[in-house]
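Peer 1:
Residue numbers (this note's numbering): -8 to 147.
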C-alpha cells in the first residue's frame, strides 16, 4: 500500500458512475474499497440501480482490501468475476475496529440506515491504518477522519 492509494467512499463511487464528478477528481493511483462499500451497493433497493452500480464497479476494476483476521462480510462470489484487479489481505494491527465507535459517534445518525455511521467508521479506519487517502463527498466523514489522523479528499 503506497502514497497514491485511495479508499473510495460509496458516495464517490455513485458520483463517478453517474457522471457527477464536477471537480475533475480522477481515478488516479490505486483505488480501493472494502467489503462495506460492496455491501452498500448490494443493499441498493432499486434493482435497476443496483445492477447499474454493480456493472460500474466491475468496469472500474477497484481493488478490494479486507483484514486477514476478519471473515468477509458478504458472499463475495457475486464479485469474483472481474471485480478486483487485486484482492489485498491486510494485516491490520490488533487495534482494528477500536477507532470505529469513536468515528461513528461523531457522525450524524441515519434513521433509515442506522448502520451507516459504523460502516463509515470502518471505511475511514481502513484508510487510516493502510496509509490511504479517503475520498468522500461527505464533509462530516472527511472532517472526522482527519481528526483521527487520516488523509481525506472531499469532492463536491
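We put the beta carbon where it would ideally sit given N, CA and C, even for glycine.
A quick note: this is a predicted structure, and the numbers were derived from the prediction, not measured.
Taking C-alpha atoms, which residue in 112, 139, 143 lies nearest to residue 127?
Peer 2: Of the listed residues, the one whose Cα sits closest to residue 127 is 143.
Peer 1: How far does the alpha helix (DSSP H) with residue 110 in it reach, from first residue to last?
Peer 2: Counting along the chain, the alpha helix (DSSP H) containing residue 110 begins and ends at 107 to 120.
Peer 1: Since residue 115 and residue 124 are thought to touch, with beta carbons under 8 Å apart, how far apart are those beta carbons, to the nearest angstrom?
Peer 2: Wrong, their Cβ atoms sit about 11 Å apart, outside the cutoff.
Peer 1: Please determine, among 111, 3, -3, the residue with the shortest C-alpha to C-alpha distance to residue 23.
Peer 2: The candidate whose alpha carbon is nearest that of residue 23 is -3.
Peer 1: Residue 10: buried (16+ other C-beta within 10 angstroms of its C-beta) or exposed?
Peer 2: When all chains shown are included, residue 10 counts as exposed.
Peer 1: Can you grab the Cα-Cα spacing for the pair residue 53 / residue 134, in whole Å?
Peer 2: So the two alpha carbons sit approximately 24 Å from each other.
Peer 1: Put residue 26 into one of helix, strand or coil per three-state DSSP.
Peer 2: If DSSP states are grouped into helix, strand and coil, residue 26 belongs with the helices.
Peer 1: If you draw a straight line from the C-alpha of residue 41 to the C-alpha of residue 138, how long is it?
Peer 2: If you take the alpha carbons of residue 41 and residue 138, they lie about 33 Å apart.
Peer 1: If you drop the 5 nearest sequence neighbours on each side, which residues of the same chain put their C-beta closer than 8 Å to that of residue -5?
Peer 2: Once the five neighbours on either side are set aside, the close Cβ partners of residue -5 are 19, 20, 21.
Peer 1: Of the residues 49, 50, 90, which one's Cα is nearest the Cα of residue 141?
Peer 2: If we check each option's Cα against that of residue 141, 90 comes out closest.
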